[in-house]
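Sequence lines, in order, name chains A and B.
Residue numbers for the first sequence follow our numbering, beginning at 1 and rising by one.
Residue numbers for the second sequence follow our numbering, beginning at 1001 and rising by one.
Beneath this line is the structure, given in structure tokens, with notes to follow.
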Amino acid sequence: MGANVSVPMYRRLIPQRLRLEGATCANCGEVSFPPTPRCRNRCVPAALEPITLSGAATIHAVTFVSPAAAPPEFAYQVEGSAGYHVAIVELDEGPLMTTQLVPSLDGSEPRIGDRVFAETRLLYKDDGIRRYGFKFARELAPGSAPSPVAEQAEK
Amino acid sequence: MPATGVWQTSFLNDRDEDALTLGLAAARRIASAESKSLALASQSLPYTRRVQAGLLVDALGLAHPFVSEHTTSARAGTEAIGVHAWRVAATGEPALVVAGEAGPRSLAQLDFASAGAVALQLATTGTIAQLETIVSASTEAPGLEYQTDGDDVTDIQVAPYGQAIYRDLLAEALRQVTDRTGLAVADFARIVIGGRELKTAERFLTSQGGNKFQWRAADARLGLANLASVGPLAGLVAALDSASEGDRILVTAYGPGSALDAIVFRAGEGVGGDRVMHALSATRELQSNELFTYLENH
């Protein structure tokens, strides 16, 4: 199966995949992403509410996946390139998530502690069907806001 | 329009981008949940046949807006504005117009384009520019930039024929603009020439009293002809970047086959800001090996 998910599962996860919707506990404020059915602090009764995350994060750990090690779903992406970086990023709201990093414009290597921001990208193609989700990038166009997702979340 | 958004107007940064992701990145900068209609314009959508605006609807969290997709030519962006401007005026409900292009599509010169996206919000309040009039001229012109399934873009490449068609439509559109607004070519602070017939347009506009300072600034830095449906809207954003309140801006867009749109905007408060130039400074060009790999896989 690899990275491929079924169409029904993909559709159920659209709020997470396309809008970074997590969950927050109305009792203690704990944020979870992906959203969990119960509060991580085990608050009772459960009072989880949806929350759109800002998309701003910090690199917590990072590694490089070479073309030889890349899953087949990403073969198209690594063809003709040296591979891609995968990172665990800590979202500003608290949760950790695993993500690909978008190559930086200046070709520099990502480092732990770098600030990153969510962007919607094509993740892979499943029999020609495009699957979209978030990757994280380390810089934005000069003069732009910290994160397009953050701008949208504030509206 | 309350705001504009331009993300990148150059070759693709990565192979995980397409017209939809670029359009979404631009739209996120200005989208609000109040948008009741959405127009998606592109000549390079990922699928040949499928509704694709749904990705933007879900990603932006819009509540079941009226959706239209415009794909047939470089005038797709102005066509989208034309369709939704009437709806906005009639209902008072904001509309979001998103144009995105995914960059080079084939090695045939006719089909080589840059990548980029522009998002505009049309509204009746809180705008930075007023849309004063929209006109259009069209005619059947066989042999100009056509493409059938599975083939590259083709053209009969009789230059005087294509130029004559373009000139006739531009003349008709300008006549309509003058009829409706009383404005002549020389009255516009900026003119955006959308489409590939740049030299033909320049010659004609000059003969009508225009000068190159009206249209050269934006095009020289953006290469609007290679941005397909994004070009006219990117040109509009660039014009608004440098406009003063009260300036008239003429945006033209041409689709071979043929049809030509002309839209007159009047700049209001809040113009300026160098949005387009900021976006341009953050792009990089594809290297040759990346380009060939990209074209092989698309």
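Glycine included, C-beta positions come from ideal geometry on N, C-alpha and C.
Residue i: first and last residue of the uninterrupted beta strand (DSSP E) it sits in
i	result
Ala1259 of chain B	Ala1259 to Ala1267
Gln60 of chain A	Reading off the sequence, residue 60 of chain A comes out as His, not Gln. Counting along the chain, the beta strand (DSSP E) containing His60 of chain A begins and ends at Ala56 to Val65.
Gln1121 of chain B	Ala1115 to Leu1122
Thr1252 of chain B	Arg1248 to Gly1255
Gly1194 of chain B	Arg1190 to Gly1194
Gly133 of chain A	Ile129 to Ala137
Lys1199 of chain B	Careful: Lys1199 of chain B lies outside any beta strand (DSSP E), inside the alpha helix (DSSP H) at Leu1198 to Ser1207.
Asp126 of chain A	Arg115 to Asp126
Cutoff 6 Å; reference residue i; Cβ partners in own chain excluding five residues on either side
i	result
Ala1041 of chain B	His1070, Ala1076, Gly1077, Ala1080, Ala1099 and Ser1229
Arg1015 of chain B	none
Tyr84 of chain A	Val65 and Gln100
Met1 of chain A	Below a pLDDT of 50, predicted positions are generally treated as unreliable, and Met1 of chain A, at 43, falls in that range; the measurement from the model is reported next regardless. Once the five neighbours on either side are set aside, Met1 of chain A has no close Cβ partner at all.
Gly1195 of chain B	Ala1074 and Tyr1254
Trp1215 of chain B	Ile1191 and Ile1193
Arg1028 of chain B	none
Thr1124 of chain B	Gly1092
Gly1005 of chain B	The predicted position of Gly1005 of chain B is uncertain, since its pLDDT is 35 and thus under 50; no value can be drawn from it.
Phe1066 of chain B	Ser1037
Residue j beta carbon less than 8 Å from that of residue i
i	j	result
Gly1231 of chain B	Ala1117 of chain B	no
Ile51 of chain A	Gly94 of chain A	no
Val5 of chain A	Ala57 of chain A	no
Leu1341 of chain B	Pro1160 of chain B	Any answer about residue 1341 of chain B is impossible in this case: the structure gives chain B only from 1001 up to 1298.
Leu1055 of chain B	Tyr10 of chain A	no
Thr1181 of chain B	Thr1133 of chain B	yes
Leu1240 of chain B	Leu1169 of chain B	no
Val1097 of chain B	Leu1120 of chain B	yes
Thr1200 of chain B	Tyr1166 of chain B	yes
Ala82 of chain A	Glu49 of chain A	no
Glu1197 of chain B	Gln1157 of chain B	no
Ala1189 of chain B	Ile1249 of chain B	yes
Ile59 of chain A	Pro8 of chain A	no
Member of the options whose CA lies at the smallest distance from the CA of residue i
i	options	result
Asp1247 of chain B	B:Val1264, B:Arg1216, B:Leu1260 and B:Gly1257	B:Val1264
Gly1103 of chain B	B:Gly1023, B:Gly1143, B:Ala1141 and B:Gln1208	B:Gly1023
Val1136 of chain B	B:Gly1273, B:Thr1252 and B:Ala1186	Val is not the amino acid found at residue 1136 of chain B; the sequence shown has Ser there. Checked all of B:Gly1273, B:Thr1252 and B:Ala1186; the closest Cα to Ser1136 of chain B is B:Thr1252.
Leu1131 of chain B	B:Leu1227, B:Ala1085, B:Arg1196 and B:Asp1152	B:Ala1085
Ala1129 of chain B	B:Glu1017, B:Asp1261, B:Val1237 and B:Arg1029	B:Val1237
Asp1155 of chain B	B:Asp1179, B:Tyr1166 and B:Gly1143	B:Gly1143
Pro72 of chain A	A:Ala82, A:Val7 and A:Tyr124	A:Tyr124
Ala1209 of chain B	B:Asp1187, B:Glu1197 and B:Asn1226	The question names Ala, yet the displayed sequence has Gly at residue 1209 of chain B. Taking only the C-alpha atoms, the option nearest Gly1209 of chain B is B:Asp1187.
Ser1244 of chain B	B:Ala1267, B:Leu1020, B:Leu1233 and B:Ala1262	B:Ala1267
Glu1140 of chain B	B:Thr1178, B:Ser1258, B:Val1271 and B:Gln1043	B:Ser1258
Asp1152 of chain B	B:Ser1044, B:Val1271 and B:Lys1036	B:Ser1044
Gln1176 of chain B	B:Ser1207, B:Arg1087 and B:Ser1138	B:Ser1138
Residue span of the alpha helix (DSSP H) that contains residue i, given as start and end
i	result
Glu21 of chain A	Run containing Glu21 of chain A: none in the alpha helix (DSSP H); it sits in the beta strand (DSSP E), Glu21 to Cys25.
Arg1175 of chain B	Ala1159 to Thr1181
Ser1037 of chain B	From DSSP, Ser1037 of chain B is part of no alpha helix (DSSP H) but of the beta strand (DSSP E) over Ser1037 to Ala1041.
Val5 of chain A	Element bounds for Val5 of chain A: n/a, residue is neither H nor E.
Ser1242 of chain B	Val1230 to Ser1242
Gln77 of chain A	Ala75 to Val78
Ala1027 of chain B	Ala1019 to Arg1028
Leu48 of chain A	Here Leu48 of chain A belongs to no alpha helix (DSSP H); instead the beta strand (DSSP E) covers Leu48 to Thr52.
Gly1054 of chain B	Gly1054 to Leu1060
Chain-order list of residues whose beta-carbon lies under 7 Å from that of residue i (same chain, five-residue window excluded)
i	result
Gly1255 of chain B	Thr1072, Ser1073, Ala1074 and Arg1075
Lys135 of chain A	Thr99, Gln100, Leu101, Val102, Glu119 and Arg121
Asp1018 of chain B	Pro1046 and Ala1102
Leu1233 of chain B	Gly1077, Ala1099, Val1118 and Leu1120
Same chain, Cβ closer than 8 Å to residue i, five either side skipped, listed in chain order
i	result
Gln16 of chain A	Gly22, Phe33, Pro34 and Pro35
Cys28 of chain A	Cys39, Asn41 and Cys43
Ala61 of chain A	Ala87, Ile88 and Ile112
Asp1149 of chain B	Thr1048
Ala46 of chain A	Cys25, Pro37, Arg38 and Cys39
| request: Could you please tell me which residues of the region 102 to 129 of chain A, in chain order, have their CB closer than 8 Å to any CB of chain B? | output: Taken in chain order, the members of the region 102 to 129 of chain A whose beta-carbon sits within less than 8 Å of a beta-carbon on chain B are Val102, Pro103, Leu105, Glu119, Thr120, Arg121, Leu122 and Leu123.
| Residues, ordered as in the chain, of the region 1240 to 1262 of chain B that lie near chain A by beta-carbon distance below 9 Å | none
| Where the region 1046 to 1068 of chain B meets chain A: residues whose CB sits under 7 Å from a CB there | Within the region 1046 to 1068 of chain B, the residues whose Cβ lies closer than 7 Å to some Cβ of chain A are Pro1046, Leu1055, Asp1058, Ala1059, Leu1060 and Gly1061, listed in chain order.
| query | For the region 4 to 38 of chain A, which residues have a beta carbon sitting closer than 7 Å to at least one beta carbon of chain B? | reply | Cβ contacts with chain B: Ile14, Leu18 and Arg19.
| Contact residues within the region 1177 to 1206 of chain B, judged by C-beta distance below 7 Å to chain A | none
| message | Which residues of the region 1073 to 1085 of chain B have a Cβ closer than 9 Å to any Cβ of chain A? Give them in chain order. | response | none
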